[in-house]
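**Q** Sharing a structure below in structure tokens format, with a few things to ask.
Protein chains: 2
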Amino acid sequence: MDKKALFDKWVSFTTSVHQVTHELTQNAKSDSITPVQYNILEYITVSQPVTPSEISDCQHISMPNTSRELKKLSEKDLIEKLSDTEDRRKQYIRLSKEGETMMNEAFAIVESRFQSRIRNASKEDIEDIERAMDILQTKLFY
Amino acid sequence: MDKKALFDKWVSFTTSVHQVTHELTQNAKSDSITPVQYNILEYITVSQPVTPSEISDCQHISMPNTSRELKKLSEKDLIEKLSDTEDRRKQYIRLSKEGETMMNEAFAIVESRFQSRIRNASKEDIEDIERAMDILQTKLFY
DNA sequence: CTACTTACTTATCATTTGATAACAAAACTA
DNA sequence: TAGTTTTGTTATCAAATGATAAGTAAGTAG
């Protein structure tokens, strides 16, 4: 297989990943937050504590818009802001108790859908899947 | 590894896929179309000819909004609408010459970024990547 | 032929998102 | 200390997106 064919395969593969991700995550989030807010919360969940700048960089949202959305999340009591004691310009963002509860619920829905998707997979299948994800994450999606 | 751990790995994996996809595709599209319009064109590109209903289903856009965006793409001469001769309610959407040119340019940018990402991969790496994508597409992202 | 369904369109409205300018406060640097 | 950079905020505006109601035209079923 030449490199052009590998690219085509990559296109098809990523399309499938996006498709399935959408299936598993749709309607999992609470209606009280917007899609962008959910993405931010998801990022905070796996990376906390994070600064607004990091959120801005990783989620590709401008600082003013990041600040606005964080303010809204804060007003909804889903996150907490802590000032860095060293550099008082910086803030550390964490999920609040409520935010954690909300994200746990969302993740539980997604996980149950995920588990039912692999319900019929054999032990060998699971190991194959695991290995394949490791390979791709190391060699392609680093 | 238990199934919970596999789920965690899946979360991390899909996050990476989305991250890298974003890197490779950012600014590849023409400024004259919106992100949603690009997604629609991308779908048409790989699946043409398609009906508005199929676009609506697969891209998760309501029929009224799909219709609106297709109208805009049509006004920009990027797509062509053909009525089905059998069932005259149906339409078949295809890229126009201009639409193809635009999508070819976008894909060329993405592909060159993709190729430079795997520039350092050995022949074995390429084969591993290829196999891993096959496995995941068959067993997980079907 | 009538009623119902399907495929798509038009119009309208509210919300979300993205972009920009202007600002403030803290930290760094020469 | 004066000027610069970093980090974040506020305000404002335009564009993109999502949702809904109402309508048309073609096909289908009784």
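Protein chains in written order, with my numbering: chain A, 256 to 397; chain B, 256 to 397. Backbone N, C-alpha and C fix where the C-beta goes; we use that ideal spot for every residue, glycine too.
Could you please tell me which residues of the segment 384-396 of chain A, in chain order, have their CB closer than 7 Å to any CB of chain B?
**A** From the segment 384-396 of chain A, only Ile384, Glu385, Ala387, Met388, Ile390, Leu391, Gln392, Lys394, Leu395, Phe396 have a Cβ closer than 7 Å to chain B.
**Q** Can you find a CB in chain B that lies within less than 8 Å of the CB of Thr276/A?
**A** Looking up residue 276/A in the first sequence gives position 21. Yes, its Cβ sits closer than 8 Å to a Cβ of chain B.
**Q** Suppose you measure from the CA of Ala376/A to the CA of Lys394/B; what does that come to, to the nearest Å?
**A** By one-based count along the first sequence, residue 376/A stands at place 121. By one-based count along the second sequence, residue 394/B stands at place 139. Near 8 Å, if we compare the C-alpha coordinates of Lys394/B and Ala376/A.
**Q** Is DSSP giving Ser377/A helix, strand or coil here?
**A** Your numbering for residue 377/A matches position 122 in the first sequence. Coil, per DSSP.
**Q** In the DSSP output, which residue or residues are listed as bridge partners for Ile334/B?
**A** Numbered from 1 along the second sequence, position 79 holds the residue referred to as residue 334/B. Bridge partners of Ile334/B: Leu350/B.
**Q** Are any of the Cβ atoms in chain B nearer than 8 Å to that of Ile381/A?
**A** Your numbering for residue 381/A matches position 126 in the first sequence. Chain B contact via Cβ: present.
**Q** For Ala361/A, does the count of other Cβ atoms within 10 angstroms reach 16, so buried, or fall short, so exposed?
**A** In the first sequence, counting from the first residue as 1, residue 361/A sits at position 106. Ala361/A is buried by the Cβ-count criterion.
**Q** How about Met357/A and Leu337/A: do their beta carbons lie closer than 8 Å?
**A** By one-based count along the first sequence, residue 357/A stands at place 102. By one-based count along the first sequence, residue 337/A stands at place 82. Cβ atoms of Met357/A and Leu337/A: not closer than 8 Å.
**Q** Kindly indicate the opening and closing residues of the alpha helix (DSSP H) around Ser399/A.
**A** Nothing about residue 399/A can be reported from this structure: the residues present for chain A run from 256 to 397 only.
**Q** Closer than 9 Å between beta carbons: that is the criterion. Which residues of the segment 353-377 of chain A meet it against chain B?
**A** Within the segment 353-377 of chain A, the qualifying residues are Phe362, Val365, Glu366, Phe369, Gln370, Arg372, Ile373, Ala376.
**Q** Any beta-carbon of chain A closer than 8 Å to the one on Ser271/B?
**A** Within the second sequence, the letter at position 16 stands for residue 271/B. It does; some Cβ of chain A falls within 8 Å.
**Q** What's the call for Pro307/A, buried or exposed, on a 16-neighbour Cβ count within 10 Å?
**A** For the purposes of this step, residue 307/A is taken as residue 52 along the first sequence, with counting starting at 1. Pro307/A is buried by the Cβ-count criterion.
**Q** Which stretch, first to last residue, makes up the alpha helix (DSSP H) that contains Ser271/B?
**A** Mapped onto the second sequence, residue 271/B falls at position 16. Where Ser271/B is concerned, the enclosing alpha helix (DSSP H) stretches over 258-280.
**Q** Assess, as a yes-or-no matter, whether the segment 277-287 of chain A is touched by the segment 273-292 of chain B under the definition of 3 or more beta carbon pairs within less than 8 Å.
**A** No, because fewer than three Cβ pairs between the segment 273-292 of chain B and the segment 277-287 of chain A fall closer than 8 Å, the two stretches do not touch.
**Q** Would you say Leu261/A reaches chain B, if we count a Cβ-Cβ gap shorter than 8 Å as a contact?
**A** Within the first sequence, residue 261/A is the residue found at index 6, counting from 1. It does: the Cβ of Leu261/A has a partner Cβ on chain B nearer than 8 Å.
**Q** Can the beta-carbon of Asn294/A be found closer than 8 Å to that of Gln274/A?
**A** Within the first sequence, the letter at position 39 stands for residue 294/A. Within the first sequence, the letter at position 19 stands for residue 274/A. No, the pair does not count as a contact, with Cβ atoms beyond the cut-off.
**Q** With a Cβ-Cβ cutoff of 8 Å, do Thr269/A and Val365/B count as a contact?
**A** For this step, residue 269/A is matched to residue 14 along the first sequence. For this step, residue 365/B is matched to residue 110 along the second sequence. No. Outside cutoff.
**Q** Do Glu324/A and Val291/A count as a contact pair if the criterion is CB distance below 8 Å?
**A** Residue 291/A sits at position 36 when you count from the first residue of the first sequence. Residue 324/A sits at position 69 when you count from the first residue of the first sequence. Yes, the pair counts as a contact, with Cβ atoms nearer than the cut-off.
**Q** What residues of chain A sit near Lys258/B, judged by a beta carbon separation below 8 Å?
**A** Within the second sequence, residue 258/B is the residue found at index 3, counting from 1. Here the neighbours are Gln370, Ile373, Ile381.
**Q** When you compare the CB of Lys264/A with every CB in chain B, is at least one pair closer than 8 Å?
**A** By 1-based counting over the first sequence, the position of residue 264/A is 9. Output row for Lys264/A: interface = yes.
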